[in-house]
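Undergrad:
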Amino acid sequence: MPETDDARASGELRIENAHRELLDQVLDKWSLSVLNELCERPCRFNDLRRAIPAVTQKSLTATLRRLERNGIVEREVVSSRPVAVEYRITPLGKTMRRPVDVLLEWATAHMPEIERARDAFDDGLD
5 MPETDDARAS
15 GELRIENAHR
25 ELLDQVLDKW
35 SLSVLNELCE
45 RPCRFNDLRR
55 AIPAVTQKSL
65 TATLRRLERN
75 GIVEREVVSS
85 RPVAVEYRIT
95 PLGKTMRRPV
105 DVLLEWATAH
115 MPEIERARDA
125 FDDGLD
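If you're matching positions, the sequence shown starts at 5 in our numbering and goes up one per residue.
#1: Give the single residue among 28, 129, 68 whose Cα lies nearest to the Cα of residue 46.
#2: If we call anything under 7 angstroms between Cβ atoms a contact, is residue 77 one with residue 56?
#3: Is residue 118 helix, strand or coil by DSSP?
#4: Can the beta-carbon of residue 41 be found less than 7 angstroms from the beta-carbon of residue 52?
#5: For residue 54 versus residue 90, is the C-beta distance shorter than 7 angstroms?
#6: Taking the alpha-carbon positions, what's the residue 21 to residue 103 distance?
#7: Excluding five sequence neighbours on each side, which residues of the same chain lie with their C-beta closer than 7 angstroms to the C-beta of residue 72?
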């Protein structure tokens, strides 16, 4: 459901299920790493595996499928023998760059506060 003018005017933050589902799928653990690689250049699957060594084949496959399903990444067969597939970021995917940069800037600016909060919380668990 789209945000109403009243909700926007009151500063109310409304996150609908569709928003939550999309953000979960495109901002998860591996998606940002994949998008970071694909922003630079198209890549084959194994190039992505080498660039993100901690990701498993299963997780990378699932991540690429989610991104493709949401129109963020496209998959192209580039040769038939042997079959080679290349992934690239779509024009829609490129529009995510600025919002992600804003979130990263916020995280960088507030990381000391976040670390202090984490330490205080962890100390309270002892």
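Glycine is no exception: its CB is placed at the ideal position from the N, C-alpha and C atoms.
TA: This is what the structure holds:
#1: Walking along the sequence shown from the start, residue 46 turns up at place 42. For residue 46, the closest alpha carbon among the candidates 28, 129, 68 is that of 68.
#2: One-based indexing of the sequence shown puts residue 77 at position 73. One-based indexing of the sequence shown puts residue 56 at position 52. Judged by their CB atoms, residue 77 and residue 56 are not nearer to each other than the 7 angstroms cut-off.
#3: Position 114 of the sequence shown, counted from the start, is the residue given in the question as residue 118. Of the three classes helix, strand and coil, the one that applies to residue 118 here is helix, per DSSP.
#4: Position 37 of the sequence shown, counted from the first residue, corresponds to residue 41. Position 48 of the sequence shown, counted from the first residue, corresponds to residue 52. Judged by beta-carbon spacing, residue 52 lies within the 7 angstroms limit of residue 41, meaning their Cβ atoms are closer than that value.
#5: Taking the sequence shown and counting its residues from 1, one reaches residue 54 at position 50. Taking the sequence shown and counting its residues from 1, one reaches residue 90 at position 86. Not a contact, by the Cβ cut-off of 7 angstroms.
#6: On the sequence shown, position 17 is the one that residue 21 refers to. On the sequence shown, position 99 is the one that residue 103 refers to. Between residue 21 and residue 103, the C-alpha separation is close to 19 angstroms.
#7: On the sequence shown, position 68 is the one that residue 72 refers to. Within the same chain, residue 72 has close Cβ partners 78, 79.
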